[in-house]
Structures are given as structure tokens and as C-alpha cells.
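Notes for the one structure printed next.
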Amino acid sequence: MRTNYESPFSTRYASKEMQYLFSAEFKFKTWRRLWIALAKAEKELGLEITDEQIAELEAHQDDINYEVAEEREKEVRHDVMSHVYAYGVQCPKAKGIIHLGATSCYVGDNTDIVTMYEAMKVVKRKLLNVISLLSGFALQYKDLPALAYTHLQPAQLTTVGKRATLWINELLMDLEEVEYRLNHFSLLGSKGTTGTQASFVELFDNDTEKIKRLDWMIARAMGFDKVVPVSGQTYSRKVDAQILSTLGGIAQSASKFANDLRILQNFKEMEEPFEVNQIGSSAMPYKRNPMRSERICALARYVVIDTLNPAFTASTQWFERTLDDSANKRISVAEGFLAVDSILNILINVCDGLVVYPKVIEQRVMRELPFMATENIMMSAVKKGGDRQKLHEKLRVHALAAAKRVKEEGLENDMIDRVCSDPDFQISKEELASVLKPIHYVGRSVEQTEEFVREIVGPVLENNQDVLGEKVQLNV
Numbered sequence: 004m005r006t007n008y009e010s011p012f013s014t015r016y017a018s019k020e021m022q023y024l025f026s027a028e029f030k031f032k033t034w035r036r037l038w039i040a041l042a043k044a045e046k047e048l049g050l051e052i053t054d055e056q057i058a059e060l061e062a063h064q065d066d067i068n069y070e071v072a073e074e075r076e077k078e079v080r081h082d083v084m085s086h087v088y089a090y091g092v093q094c095p096k097a098k099g100i101i102h103l104g105a106t107s108c109y110v111g112d113n114t115d116i117v118t119m120y121e122a123m124k125v126v127k128r129k130l131l132n133v134i135s136l137l138s139g140f141a142l143q144y145k146d147l148p149a150l151a152y153t154h155l156q157p158a159q160l161t162t163v164g165k166r167a168t169l170w171i172n173e174l175l176m177d178l179e180e181v182e183y184r185l186n187h188f189s190l191l192g193s194k195g196t197t198g199t200q201a202s203f204v205e206l207f208d209n210d211t212e213k214i215k216r217l218d219w220m221i222a223r224a225m226g227f228d229k230v231v232p233v234s235g236q237t238y239s240r241k242v243d244a245q246i247l248s249t250l251g252g253i254a255q256s257a258s259k260f261a262n263d264l265r266i267l268q269n270f271k272e273m274e275e276p277f278e279v280n281q282i283g284s285s286a287m288p289y290k291r292n293p294m295r296s297e298r299i300c301a302l303a304r305y306v307v308i309d310t311l312n313p314a315f316t317a318s319t320q321w322f323e324r325t326l327d328d329s330a331n332k333r334i335s336v337a338e339g340f341l342a343v344d345s346i347l348n349i350l351i352n353v354c355d356g357l358v359v360y361p362k363v364i365e366q367r368v369m370r371e372l373p374f375m376a377t378e379n380i381m382m383s384a385v386k387k388g389g390d391r392q393k394l395h396e397k398l399r400v401h402a403l404a405a406a407k408r409v410k411e412e413g414l415e416n417d418m419i420d421r422v423c424s425d426p427d428f429q430i431s432k433e434e435l436a437s438v439l440k441p442i443h444y445v446g447r448s449v450e451q452t453e454e455f456v457r458e459i460v461g462p463v464l465e466n467n468q469d470v471l472g473e474k475v476q477l478n479v
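Here's what the structure looks like:
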């Protein structure tokens, strides 16, 4: 029996890949990478640090002596200094130069940036796979007419594929945001206790150029080409707010898709995948509940609300820093990424197995098409000499009567029979059949879908071929 709380992100939802990025192991290994980068840069810039000390640090980069750090933290109540001590135990020759000139935020904040950067790359890859799957779906069903809705009421016709382009378009907007964030990540660098680099002024005897180079050397060693130009002790907490805002955008798009699919599943037009042995309800064996889409919506709701956490944190930081950010950001940033990772996992799984029921879609279209075809019917009758205003009024009366028959009496739509039996329209059922072809009422849906996938989506997928084809098997 497990007696401690376990996060559902760890046990049910998020991938092992994303969980690792927010793990203690990734954090502490990154701390050591940063200490090595700092020591190497300081040595190159003239401080008395030896190759032997650097080699000792590198030899123990990944074999962290956690038990020593944990025992030390019980004494000093400081996580960074506990790990500095533990590293020094393993590296006695380098003990005196570990963390030289740095403050806790040197490892803490720079590691947060590294973690978010790596996590955002995972988000980008999975987002691209969703877009790829939906693009294939859009082309497959580009010319399958379906009811389009405004106010959740039948309006005109679209196609199943065209509707998918609406989902893709919003995901592309999210992808642009993700790429923007990835291109603008900046390392904090080595800014010191209040961002003035005072400790490095002392270490480098007021040599400004060396202090500036130190920042850049550390950034490049960690794989970054940007450092923040100015800071307090920390990087601006607006960065976290901007990152979570980007994740919130993905959650919004995913929820929109999942809600549409839930409604379509109620209409019996489309379904998310349903596995052979899957149980839809404990009480009703016949049910096929859209549980994956519902989970997307649930997690998306969590992420959208979570975006407020770093926003409040950014707005309440005092001067060069306060520590009321720490506890909040440990949870909100990590769980924002874990939740979006979960959402994208489900999206890949769902979009890889979407089920479409063309006959149901056609049946629903044909129930409404007589109402939508009234203008075409009227124009056909006018060409034969009919009075446009008189015909318009007759169509209005026939449509209301047919609608009443459908809504109040539960009978089929008899609009066609009414029009064909009305001599003012001079039209037979055979003639009307040629008018009532759904594909004639989808406008440019087919062309729009082809153009969008070819001209907008195509280049994006072509530039990212190496990450496509990902499969996801859900745990539950």
C-alpha cells in the first residue's frame, strides 16, 4: 500500500521524458555542469584554477553523492551549499573553487532556464506530430460534406477536412509561440547577489571585459547564445509568466479540439479511438464515452488556470528579488509543462485513430440541406419565370411547416415534397435531386483545405521531418 501522495502527472499522465527534465537528478546534474562551466571560464580568464581541479570536477559530474548532500542540508538548511559541500567531498582538490564568486541563483535560475528550454523542445516535437496527424486527416476528408454550425445550430455546409484545418490553424499559432520562446531563451549567466556582479569585480580586479566575457563563456558552455542584459539576483519572473502563457495557448487549442470532438461523438459523426476491451461505463455496457477528449479538457482547464501563478509571482517581486517566488514556481512551472505534455500525448493518441462515420454525416446533412438549398431552389424557379418575392414567401412558409413537423412531431423533413408539389416552383424531384448535392454547398472548403495544408502546413512539416511519426500508448 502506497501511503504517500503521488502526483497523477507521475503515475498517470506525463511522459517519463518530461518527468525526467523536472527531476532532482536532472537539476543537480545541471548544477554540476554549471559549476564546471564557471570554473573553466574563470580559469581561462586568469584565475588560479588548475587543469587538475577541472578534471576532478568533470570526473564526478554525474555520480552525485546524494546521501552526503541530504545529511549536510539537515545541518545547514540550504540546498545549494549542501551540494557545494557534497561536490567538495568528492573533489577535495577542487573544493575551494566550486561556486567561486557565485550566488545560489547562479545554479538555481540558470538550471530553471535550461530545464524550461529542454522541456519546450519536447513540447514543440509533440505539437508538430499532432499537426502532422491532423493534416493527413484533413486531406483524407477534404471533400466529405458535413454540417457547419454557428451558435451550435446548423448553418451551412463545410467539409470534415475543412473543419480539421481550423484545429490545425490554432495549433500552428501555438507552434509559432513555442518557436519564438525557444529562440529567445536567455541564460541568467553570472550576475551575483543583486545583479551587479560585484563579487566578480573583486575576483577580476575591476576588469570589466573579463566579467562580460564570463557571462558569454558560461552561456555557450551550456548551449545558449543569449544572456539576460540586466537582472537583479534572478532572471525576470516575467519569463516564467511568458512561458506559461505559451503553454496555456496550447491548452486552449487542445480543449477547443476536444470539445468539438465530444460534441461530434454525441452526434455520432466522429469518435475518438475506442479500444477492444475498453469499458465505457461501469453501469451502462453499451456506452462509448469520449474519455480521452474529456481528459484533455480537464487538463487544459488546469493549465489555463495555472498561467495565473507566474503572472502573480512576476507582479509581486520586490526590488532585486524576494523568495516568495520559489515555492510557487517549483510547482506551477513544472506542472504546467507536465500537464501540457500529458495533453499532447493524448492528442497524438486520439489524432492517430480518429473514427469518421460518413453515412451518419450524410444523413444529418440531408435532413438540413433542403433548408439550406432554398436560395438555389428559388433561383431555379425564377429562371423559369417565377416571381422572386412570391417564391421567397412560399419558401419561408414551407420551411416553417417542415421545421415544425421535424421538431414537434418527430417526423422527417418533408420540405422537398412540399416544394415539388407546389406548382409555382415548376420543379420535379428528379430536378431537385441535382440541386441537393451536398458538395455543391461547401463553398471553397475543398480548395481551402488543399491550399492550407500545401502552402501553410507543408513547409512546416517538411522542415521538421526528423521528429514526425511519433506514437503514444496511453497508460489509462
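Heads up: take any position in the sequence shown, counting from 1, add 3, and you land on the numbering used here.
All C-beta atoms, glycine included, are put in the ideal place defined by N, C-alpha and C.
- About 16 Å separates the CB atoms of Q255 and A314; that is not less than 8 Å, and the two are not in contact.
- The alpha-carbon of R295 is positioned some 39 Å away from that of D417.
- Spatial neighbours of V79 in its own chain (CB-CB distance under 7 Å, excluding positions within 5 residues in sequence) are listed in chain order as S85.
- Annotated three-state conformation of P11 is helix, per DSSP.
- Between the C-alpha atoms of Q320 and Q236 there is a straight-line separation of about 11 Å.
- Contact between C354 and V133 holds, since their C-beta atoms are separated by about 6 Å, short of 8 Å.
- Per DSSP, the continuous beta strand (DSSP E) segment holding P148 begins and ends at P148 to T153.
- Counting C-beta atoms within 10 angstroms of its own C-beta, Y444 has 16 or more neighbours from the protein chains shown and is therefore classed as buried.
- Approximately 6 Å separates the beta-carbon atoms of I246 and R184; this is inside 8 Å, confirming the contact.
- By the 16-neighbour rule on beta-carbons within 10 angstroms, F322 is exposed.
- Closest in C-alpha terms to I171, from the list L131, N186 and H154, comes L131.
- Annotation: N348 to S239 spans about 31 Å, alpha carbon to alpha carbon.
- Between the alpha carbons of H81 and E454 lies a distance of about 58 Å.
- By the C-beta criterion, the segment 106–123 is judged to be in contact with the segment 188–201, since at least 3 inter-stretch pairs fall below 8 Å.
- Taken atom to atom, the span from the alpha-carbon of E182 to that of K127 is near 8 Å.
- Nearest to L350 by C-alpha distance, out of M273, L477, G461 and G104, is L477.
- Inter-residue distance for I266 and M273 is about 9 Å (C-alpha atoms, whole angstroms).
- Closest in C-alpha terms to L37, from the list P373, Y109, V358 and G99, comes Y109.
- Using a Cβ-Cβ distance cut-off of 8 Å, the segment 417–426 and the segment 372–391 are in contact, since at least three pairs of beta carbons, one from each stretch, lie closer than that value.
- Per the C-alpha coordinates, the member of Y23, E365 and Y88 positioned closest to V125 is Y23.
- According to the DSSP assignment, Q156 belongs to no alpha helix (DSSP H) but to the beta strand (DSSP E) extending over Q156 to T162.
- In this structure, the beta-carbon distance from K19 to E473 does not fall below 8 Å.
- Rounded to the nearest whole angstrom, the C-alpha separation of F29 and F140 is 38 Å.
- The segment 45–60 and the segment 89–100 touch, with no fewer than 3 CB-CB distances between them shorter than 8 Å.
- Around the beta carbon of E179, a 10 Å sphere encloses fewer than 16 other beta carbons of the protein chains shown; the residue is thus reported as exposed.
- The bridge partners DSSP lists for V230 are L190.
- For M369, the three-state secondary structure derived from DSSP is helix.
- Assigned with DSSP and collapsed to three states, M84 falls in helix.
- Distance from the Cα of T33 is smallest, within the candidate group R324, T249 and I221, for I221.
- The C-beta of T153 has fewer than 16 other C-beta atoms within 10 Å across all chains shown, which makes the residue exposed.
- Distance from the CA of V358 to the CA of P276, rounded to the nearest whole angstrom, comes to 7 Å.
- For the alpha helix (DSSP H) assignment, the uninterrupted runs of no fewer than 4 residues enclosed by the segment 240–321 are, from N- to C-terminal side, 241–270, 294–309 and 311–318.
- Exclusion of the five residues before and after Y69 leaves no residue of its chain whose Cβ lies closer than 6 Å to its Cβ.
- According to DSSP, residue pairing for V358 in a beta bridge involves E274.
- According to the DSSP assignment, L398 belongs to the alpha helix (DSSP H) that extends over R391 to E412.
- If you ignore the 5 residues before and after M21, its C-beta comes within less than 8 Å of the C-beta of A122, V125, F340, L341 and D344, all in its own chain and listed in chain order.
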